[in-house]
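Numbering (numbering that gives the first Met the number 0), first residue to last: 0 to 285.
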Amino acid sequence: MNTALSQWRQTLRSHAEFAAWHAANGAVLDDQWRPTIALQAALRDAKASASVPGYCWPCRAPSQFLYDLQYSNGRDVNWRERLVCTRCGLNNRLRLTVQVIEAEGLRGRGYLTEHVTPLARLLLERFPGLVTSEYLGPDHAPGQVSRQGIRHEDLCHLSLAGGSVDFVVSCDVLEHIPDYPAALCELARVLVPGGLALITVPFLPHAADNLVRARLEGGRVVHLLEPEYHGDPVGAREGVLCYYHFGWQLLGDLRRAGFADAWLDLYWSADYANLGGPQVFVMARR
Ligand SMILES: [Zn+2]
């Protein structure tokens, strides 16, 4: 990585590659973490918020990025979920998702595994014809459109035809699917050869294997760790259960699901206010 830049991207393909890269660049990563500590110190109490200036890629304009202790352990800012742009309302990882989509030059027919979110609204404006969906529950048929105009899809049984889309974007969905390898097979199936999947999930770059938080046994949920619920844009007040924090085994799972290549892109940028630790994007080419 070019450490002279106030932003960088690093592509890595295995846990071993990550370990070597991390060992070689630990001092730089520590340096880049230091301003984040100073930003965190600006929060005087649990209810405080503060902001940092930068350039918002989705807004294509300078902006301020709010941070506080929401979605945190009560002490450390959740940098991935905060740094919310005061103009477009997108947080760190979602602003970067838009940037990656546009910087990768994704074109043609796309499928986004969400619909009722600010990210979906923004991408629908920029990608006419983008297919968007939500999971509305087991009483809906794949592809069925609800009275509210929301298309239902189950990632393990998509209604999309094989080879019908050029790219797929899935943001923090797979960790809620017990049989996520089935979902990966479906994403590979609906992509054209050469098509790209862009996936974000809770990812533990130091872990070879997934951290399994819960699993299904005979249709019943068995919790192996303290249950963790994430916000559900279409329903359940308590949120949706998180089954996994992923490790590098996800890349092998993607290859087994039919992707020709799978890799991780790590991003960090002071200019674009992508602060905290590097943000992780899982990429796979059909
Ligand atoms: Zn913005």
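Just so you know, even glycine gets a beta-carbon here, dropped at the ideal spot from N, CA and C.
- One residue list follows from the rule of a beta carbon closer than 6 Å to any heavy atom of ligand 1, given in chain order as 55, 57, 58, 62, 84, 86, 87 and 89.
- Nearest Cα to residue 200 within the set 284, 246 and 268: 246.
- Taking 8 Å as the cut-off, the Cβ atoms of residue 70 and residue 49 do not count as close.
- Under the three-state reduction of DSSP output, residue 15 falls in the helix class.
- 8 Å or more divides the Cβ of residue 265 from the Cβ of residue 42.
- Contact annotation: the region 9-29 touches the region 256-274, with at least three C-beta pairs closer than 8 Å.
- For residue 196, the three-state secondary structure derived from DSSP is strand.
- Counting only runs that start and end inside the region 7-95, the alpha helix (DSSP H) elements of at least 4 residues fall at 14-40.
- Per DSSP, the unbroken beta strand (DSSP E) holding residue 167 starts and ends at 164-170.
- As the crow flies, the alpha-carbon of residue 204 is around 11 Å from that of residue 15.
- In this structure, residue 31 sits away from residue 76, with a CB-CB distance that is not shorter than 8 Å.
- Looking only at 184, 211, 139 and 272, the smallest Cα-Cα distance to residue 285 is reached by 184.
- With 16 or more other Cβ atoms from the protein chains shown falling within 10 Å of its own Cβ, residue 151 counts as buried.
- Scanning its chain for C-beta atoms nearer than 8 Å, with the 5 sequence neighbours on each side dropped, one finds around residue 78 the residues 35, 66, 91, 274, 275 and 276, in chain order.
- With a 10 Å radius around the Cβ and a threshold of 16 neighbouring Cβ atoms, residue 138 comes out exposed.
- Closest in C-alpha terms to residue 110, from the list 72, 64, 251 and 186, comes 186.
- Straight-line measurement puts the Cα of residue 118 at about 7 Å from the Cα of residue 93.
- Straight through space, the alpha carbons of residue 161 and residue 258 are spaced by roughly 14 Å.
- For residue 180, the uninterrupted alpha helix (DSSP H) run begins and ends at 179-189, by DSSP.
- Residue 25 and residue 19 have their C-alpha atoms roughly 10 Å apart.
- If you look at residue 277, you'll find it in the beta strand (DSSP E) that goes 273-284.
- Nearest to residue 223 by C-alpha distance, out of 214, 13, 17 and 141, is 214.
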